[in-house]
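Chains A and B, in that order, give the protein sequences.
So the first sequence is residues 725 to 909, counted in our numbering.
So the second sequence is residues 5 to 203, counted in our numbering.
Where a beta carbon is used, it is the ideal one built from N, C-alpha and C, also for glycine.
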Amino acid sequence: MLCALSRWMISRAADTGKTPPRVVERHLRRCRACAESARFASSLPARFTGDKDAFLAAVPDFPLDEAAWTKEPARTNERTSLYRRFALRPVPAVAGILAVVAAAFLVYRLAVREPGPTPEDLAAGRAALQSLVAAPESVQSALAGAASSLEQERRVLEKSIASAAEYLQARLNIKIERKIPGQDL
Amino acid sequence: MTDLDPIEARTDEELAREARAGSRRSFEVLAHRYKRRLFVYLRSRTGSAEDAEDLVQDTFLKLFRGIGGYDPARRFSTWLYTAAGRLAIDAYRKGKAGRNRLAIDDIKDPSAGPEVDPGQSGGTALWDAARTLGGDRFRALWLRYGEDLTIEEIAAVLGRTGVAVRILLYRARTELGRRLGPARRPFAPGAASRASTRL
Chain A
725 MLCALSRWMI SRAADTGKTP PRVVERHLRR CRACAESARF ASSLPARFTG DKDAFLAAVP
785 DFPLDEAAWT KEPARTNERT SLYRRFALRP VPAVAGILAV VAAAFLVYRL AVREPGPTPE
845 DLAAGRAALQ SLVAAPESVQ SALAGAASSL EQERRVLEKS IASAAEYLQA RLNIKIERKI
905 PGQDL
Chain B
5 MTDLDPIEAR TDEELAREAR AGSRRSFEVL AHRYKRRLFV YLRSRTGSAE DAEDLVQDTF
65 LKLFRGIGGY DPARRFSTWL YTAAGRLAID AYRKGKAGRN RLAIDDIKDP SAGPEVDPGQ
125 SGGTALWDAA RTLGGDRFRA LWLRYGEDLT IEEIAAVLGR TGVAVRILLY RARTELGRRL
185 GPARRPFAPG AASRASTRL
């Protein structure tokens, strides 16, 4: 455990440039393997630097394509060619635009906009209005009929409520009074 | 006796600043200075010499066109390796790299120790051994010892945290030590105390 910790601290010290803690130095005096490891780690910078030139010399040389540096970027060429293709062939582009407009118009006509009234519907509506204007008494009688049916409905409801109240008075032995004075149930 | 071209003696950052100001010659010097170093780095990434060479060309092309974006406060090598790494990722995603990929065992074979003499100097034994550790570990070692980048700079290039880079280096050193260090070298008395003072 101490060996692993010491080697980590040695490696860390090599990276940070700081000296390792005293406990590690004491451990290195006692542990032969860790001392070897520390010695190896400390020798690495010089050895790597010393071997670097020979290592790079063994790498095969190759020429740099310096002419490509000043060429126009490929992406710009693609954009230009796309623009040119579009500009030199206006007919397909215009046909496409027209097709899109026609499709949008059809969709608007068929799906979005509701159909208007037919001439027959308009004629029937006019005839109904004319009949109302021509015979006002029939309108009065229709209104009176509607009013009387409402009155009947009110009476039926009143009777039902009164019946329910009587049942409750008899069952629970209580007296239910109407809020409006003078009117008994 | 031939005199060294003064431009060759300039630092990377000086050349990059001049290239940023419009000097093509400065950029050419930088490119020739770094092409093999970048090739080594990218070869470990792609696993193929041909793909690595293509990526080196692409990297310098990209950097030449984007030299205006170079921040003089940063090291040129950090900028270069970061751009190269991104291009390698893009190429991998597009399937461009990998067509010429070697078998992965050719690149990293943790079990196979290199047949090298660790005591030799001026050879390529240590770097050859580092190459067999695998892509990430070799790249971390290359950036640390080959390019002398700091942990923070390596982390930026590799897109990792500083702790992850330290762990990567720790494992690389441990594995290298296992292969080349204590088992192959006799223990020298007193070496431990010398080592601790050198750290």
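Where residue i falls: helix, strand or coil (DSSP)
i	result
residue 964/A	Any answer about residue 964/A is impossible in this case: the structure gives chain A only from 725 up to 909.
residue 184/B	helix
residue 138/B	coil
residue 856/A	helix
residue 844/A	helix
residue 814/A	helix
residue 202/B	Reliability of the predicted coordinates at residue 202/B is poor, the pLDDT of 40 falling under 50, and the value obtained from them is presented with this limitation in mind. Reduced to three states, the DSSP call for residue 202/B is helix.
residue 755/A	coil
residue 786/A	coil
residue 958/A	Past the boundaries of the shown model lies residue 958/A; chain A is included only from 725 to 909, so the question cannot be answered.
residue 153/B	coil
residue 883/A	helix
residue 733/A	helix
residue 898/A	coil
residue 728/A	helix
residue 165/B	coil
residue 98/B	helix
residue 903/A	coil
residue 891/A	helix
residue 132/B	helix
residue 105/B	Its pLDDT being 49, under 50, residue 105/B is placed unreliably in this model, and the value from its coordinates should be taken loosely. Correct three-state label for residue 105/B: coil.
residue 116/B	Confidence at residue 116/B is low in this model, with a pLDDT of 39, below 50, so the placement of that residue should be treated as unreliable; the coordinate-derived value is given next. Of the three classes helix, strand and coil, the one that applies to residue 116/B here is coil, per DSSP.
residue 777/A	helix
residue 191/B	Because residue 191/B sits at a pLDDT of 39, beneath the cut-off of 50, its placement in the model cannot be relied upon, and the point is left open.
residue 9/B	coil
residue 739/A	helix
residue 869/A	helix
Chain A residues whose Cβ lies nearer than 7 Å to that of residue i
i	result
residue 177/B	735, 765, 768
residue 207/B	Because residue 207/B is not part of the residues shown, which for chain B are 5 to 203, the question remains open.
residue 161/B	Near residue 161/B there are no residues of chain A at all, since even the closest Cβ is about 15 Å away, more than 7 Å.
Nearest candidate by alpha-carbon position, reference residue i, set the options
i	options	result
residue 741/A	167/B, 37/B, 155/B	155/B
residue 15/B	75/B, 50/B, 80/B, 69/B	80/B
residue 84/B	25/B, 130/B, 158/B, 183/B	158/B
residue 86/B	99/B, 31/B, 143/B, 55/B	143/B
residue 36/B	64/B, 161/B, 18/B, 27/B	64/B
residue 737/A	830/A, 866/A, 766/A	766/A
residue 72/B	57/B, 169/B, 44/B, 23/B	23/B
residue 21/B	48/B, 75/B, 164/B	75/B
residue 777/A	168/B, 173/B, 41/B, 57/B	41/B
residue 52/B	833/A, 877/A, 783/A	783/A
residue 140/B	169/B, 130/B, 165/B, 152/B	169/B
residue 130/B	785/A, 770/A, 895/A, 850/A	770/A
residue 793/A	60/B, 45/B, 153/B	60/B
residue 237/B	779/A, 749/A, 746/A	Since the first and last residues shown for chain B are 5 and 203, residue 237/B lies out of range.
Within chain A, partners of residue i - CB distance below 8 Å
i	result
residue 155/B	739, 740
residue 57/B	786
residue 149/B	768, 769, 772, 773, 776
residue 43/B	783, 786
residue 170/B	735, 736, 739
residue 181/B	760, 761, 764, 765
Closer than 8 Å at the beta carbon, the chain B residues around residue i
i	result
residue 792/A	61, 65
residue 731/A	174, 178
Per-residue contacts from residue i into chain B (C-beta, under 7 Å)
i	result
residue 779/A	128, 131
Proximal residues of chain B, C-beta to C-beta of residue i below 9 Å
i	result
residue 788/A	32, 35, 36, 39, 60, 61, 64
residue 747/A	Those within 9 Å of residue 747/A in chain B number zero; the least Cβ separation is about 12 Å.
key: Those runs of the alpha helix (DSSP H) which lie wholly inside the segment 15-85 of chain B and span at least 4 residues   = 16-24, 28-50, 53-69
query = What residues from the segment 67-88 of chain B come within 8 Å of chain A, judged by C-beta to C-beta, listed N to C?
reply = 68, 69
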